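**Q** Residue numbers (our numbering): -7 to 150. Please find one structure pasted underneath; my questions will follow.
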Amino acid sequence: MNKPSRAFAKPLRDLANKVVGETFARQGFASAELVTRWPEIAGAEIAAHSEPLKIQWTRPADGQEREPGTLVLRVEGPAAIEIQHLSGVICERVNRFLGWRAVARLALRQAPLRHGERRAVRAADTVAAARIAETLSDVGDDDLKAALARLGAAVKRL
C-alpha cells in the first residue's frame, strides 16, 4: 500500500509574494524585487536617502508601443538635489536590473523615509572636539567655541 505523499512547507517568499504582490502591482511594480532589493540596485549611498514608491506608466495609444515609465522615489529633503543629478545613473541601474528599458525618468517626492533601518545618531567625538577647540583661541565665548568644536568634529567624521 502506498503512503500518501507528504506536503512540504512552502518557502516564505512564495507566501509573502501572494500577500504583497497585489499591492506592488497596484503601484506599478512588476515584482517586489525593485523595492526589496533597492540597495543592491541603486547602490548603498543612493538607497540610504531614497526609496521607490511606484512606477507610473502612460497608456499607449492604439497600436503603439508602451513608453518607458516614470519611477517615483521618496527622497529625504537634503539629498533631493543629489538624487536628481544622479537620475540618469539610477534609471540605467533600474533598467539593467529589470532587463529592459522600463524607466526613462524619475519623479521625486520629498518626505522622510520609512525604511526600518534608521541611521543611528553617532555620539559626539569629545577627543576630536577638544583638539579643535584648542585651535579656536580667537573665539571668546566658551559656549560658541564648544559648539564650533562639536560641529568641526562632526564634519571631520563625515
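Note that beta-carbon positions come from the ideal geometry of N, C-alpha and C, so glycine has one too. Keep in mind it's a predicted model, so treat the numbers as computed, not measured.
Which residues does DSSP list as the beta-bridge partners of proline 44?
**A** As a position in the sequence shown, residue 44 is number 52, starting the count at 1. Paired residue(s): Leu65.
**Q** Classify arginine 101 as helix, strand or coil using the three-state DSSP reduction.
**A** Here residue 101 corresponds to residue number 109 of the sequence shown, with the count starting at 1. In the structure shown, arginine 101 sits in a strand (DSSP, three-state: E or B).
**Q** Could you tell me if leucine 143 is buried or exposed, where buried requires 16 or more neighbouring beta carbons within 10 angstroms of its beta carbon?
**A** Within the sequence shown, residue 143 is the residue found at index 151, counting from 1. Burial call: exposed.
**Q** Rounded to a whole number of angstroms, what is the C-alpha to C-alpha distance between leucine 105 and alanine 96?
**A** Residue numbering aside, residue 105 sits at position 113 when the sequence shown is read from its first letter. Residue numbering aside, residue 96 sits at position 104 when the sequence shown is read from its first letter. Distance between the alpha carbons of leucine 105 and alanine 96 is about 23 Å.
**Q** Would leucine 98 and threonine 62 be called neighbours here (beta carbons separated by less than 9 Å)?
**A** By 1-based counting over the sequence shown, the position of residue 98 is 106. By 1-based counting over the sequence shown, the position of residue 62 is 70. A contact, by the Cβ cut-off of 9 Å.
**Q** Measure the CB-CB distance between valine 64 and glutamine 48 and report whether it falls below 9 Å.
**A** In the sequence shown, residue 64 corresponds to position 72, counting from 1. In the sequence shown, residue 48 corresponds to position 56, counting from 1. In this structure, glutamine 48 lies closer than 9 Å to valine 64 by Cβ.
**Q** Mind checking tryptophan 30: buried by the 16 CB within 10 Å criterion, or exposed?
**A** Walking along the sequence shown from the start, residue 30 turns up at place 38. Answer is buried; the Cβ neighbour count reaches 16.
**Q** Let me confirm a value: valine 119 is counted as buried when at least 16 other C-beta atoms fall within 10 Å, else exposed. Which label applies?
**A** Position 127 of the sequence shown holds residue 119. Per the 10 Å Cβ criterion, exposed.
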